[in-house]
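In the numbering used here, the protein residues as written are 8 to 341.
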Ligand SMILES: [Zn+2]
């Protein structure tokens, strides 16, 4: 990425010092806006900073130099062109398909269960790329580090390293980059399917014939609301990567990158930080399920008695969701 700071950006940096305090509502705005000013909606040019902060009433703002006069506090500058666009419209529908046991657990726990990414079946969760292409990646970064080591900051003399010292230092940097790259595998994740309608393939995947299951419907905006109390939570769209040609980002945002063979999932996920010192395997994100769930759809292949079981379980836990039959049961005409 080429950073391209203009005089009006410099004026903002001169007026405000960034303090790094990012509230959950500012994080939501930063993720959703990505490359657009939240005041005038114009696009922030590539390489130019966006300013994330607050107005005089402490409302979150994400603005370009165009509307920076409204900023009272600067939390951090953001260079959107160096990051993935995770934004999903607040009204975008999302679904979670689950078997009856998981559904009952959700009601009983009064929240969503988030699992550690490395506990998922997909072995590529948080992966950098294909093992067969690892040397390409290593060579790229070693080359980058070798250059970095012999390039002093402005005003400093060129360091006198032997070839062995440069090699040893470049390898040390590569090793620590790889250690940091393992961190996203500890993040806590809840997976949703972004789609306006039901998906027959997902019914078959998560509630195969002979089992009993439901799908709960919500929206991306409601997912954000559900984690409003959780610092650092992000709701974002998953990007599918062809690992035969590319690698995942070296940032933590790689938790939003999966193999292109899974692109049918059209996933939207909630990602929550995990403890650094004592990471847990999973966590319940307690939230108002009545607000989160807009409807509960019954598995299309479910036996007729299943509807009664579901409504009994709902009333037992004191929920009154909108209960629907699957659209897949709608009759055709010819
Ligand atoms: Zn603007």
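Every residue gets a Cβ at the ideal spot worked out from N, C-alpha and C, and that includes glycine.
Source: prediction; values computed, not measured.
Delimiting residues of the beta strand (DSSP E) encompassing residue 236: Taking the chain shown and counting its residues from 1, one reaches residue 236 at position 229. Here residue 236 belongs to no beta strand (DSSP E), and DSSP marks it neither H nor E.
Neighbourhood of residue 324 by C-beta distance below 7 angstroms, restricted to the same chain and skipping five residues each side: Reading the chain shown from its first residue, position 317 is the one you call residue 324. Taken in chain order, the residues that qualify are 114 and 115.
Segment limits, beta strand (DSSP E) that includes residue 199: Locating residue 199 in the chain shown gives position 192, where the first residue counts as 1. 195-201 is the span of the beta strand (DSSP E), which, as asked, contains residue 199.
Buried versus exposed, by CB contacts within 10 Å (16 or more), residue 8: Mapped onto the chain shown, residue 8 falls at position 1. Answer is exposed; the Cβ neighbour count stays below 16.
Cβ-heavy atom distance, residue 118 to ligand 1, below 7 angstroms: Here residue 118 refers to the residue found at position 111 when the chain shown is read from its first residue. The answer is no for residue 118.
N-terminal and C-terminal residue of the beta strand (DSSP E) that residue 9 is part of: Residue 9 sits at position 2 when you count from the first residue of the chain shown. In the DSSP annotation of this structure, residue 9 is not part of any beta strand (DSSP E), being labelled neither H nor E.
By C-beta, the residues closer than 6 angstroms to any heavy atom of ligand 1, given in chain order: Residues lining ligand 1 by the Cβ criterion, that is a Cβ closer than 6 angstroms to any of its heavy atoms, are 44, 46, 47, 49, 70, 71, 73 and 74 in chain order.
CB of residue 68 within 8 angstroms of CB of residue 45, strictly: Reading the chain shown from its first residue, position 61 is the one you call residue 68. Reading the chain shown from its first residue, position 38 is the one you call residue 45. In this structure, residue 68 places its C-beta atom within 8 angstroms of the C-beta atom of residue 45.
Which listed residue (139, 130 and 77) has its alpha carbon closest to that of residue 262: As a working mapping, residue 262 is identified with position 255 in the chain shown. Just measuring C-alpha positions, the residue of 139, 130 and 77 sitting nearest residue 262 is 130.
CB contact flag (residue 227, residue 99, <8 angstroms): One-based indexing of the chain shown puts residue 227 at position 220. One-based indexing of the chain shown puts residue 99 at position 92. The Cβ atoms of residue 227 and residue 99 lie closer than 8 angstroms to each other.
Beta strand (DSSP E) segments (min. 3 residues) lying fully within the stretch 272-314: Annotation: the stretch 272-314 contains the following complete segments of the beta strand (DSSP E) (minimum length 3 residues), in chain order: 274-279, 289-293 and 302-305.
CB of residue 231 within 8 angstroms of CB of residue 96, strictly: Position 224 of the chain shown, counted from the first residue, corresponds to residue 231. Position 89 of the chain shown, counted from the first residue, corresponds to residue 96. For residue 231 and residue 96, no; Cβs fall outside 8 angstroms.
Span separating the alpha-carbon of residue 338 from that of residue 93: In the chain shown, the residue the question calls residue 338 occupies position 331. In the chain shown, the residue the question calls residue 93 occupies position 86. When only Cα atoms are considered, residue 338 and residue 93 end up about 37 angstroms apart.
Under the three-state DSSP convention, the category residue 317 falls into: Reading the chain shown from its first residue, position 310 is the one you call residue 317. Looking at residue 317 - three-state DSSP - the assignment turns out to be helix.
Burial state of residue 42, where buried means 16 or more other Cβ atoms lie within 10 Å: Residue mapping note: residue 42 aligns to position 35 of the chain shown, counting from 1. Label assigned to residue 42: buried.
Residue span of the alpha helix (DSSP H) that contains residue 148, given as start and end: In the chain shown, the residue the question calls residue 148 occupies position 141. Where residue 148 is concerned, the enclosing alpha helix (DSSP H) stretches over 141-157.
Buried versus exposed call for residue 340 [16 or more other C-beta atoms within 10 Å across all chains shown]: Taking the chain shown and counting its residues from 1, one reaches residue 340 at position 333. Residue 340 is exposed by the Cβ-count criterion.
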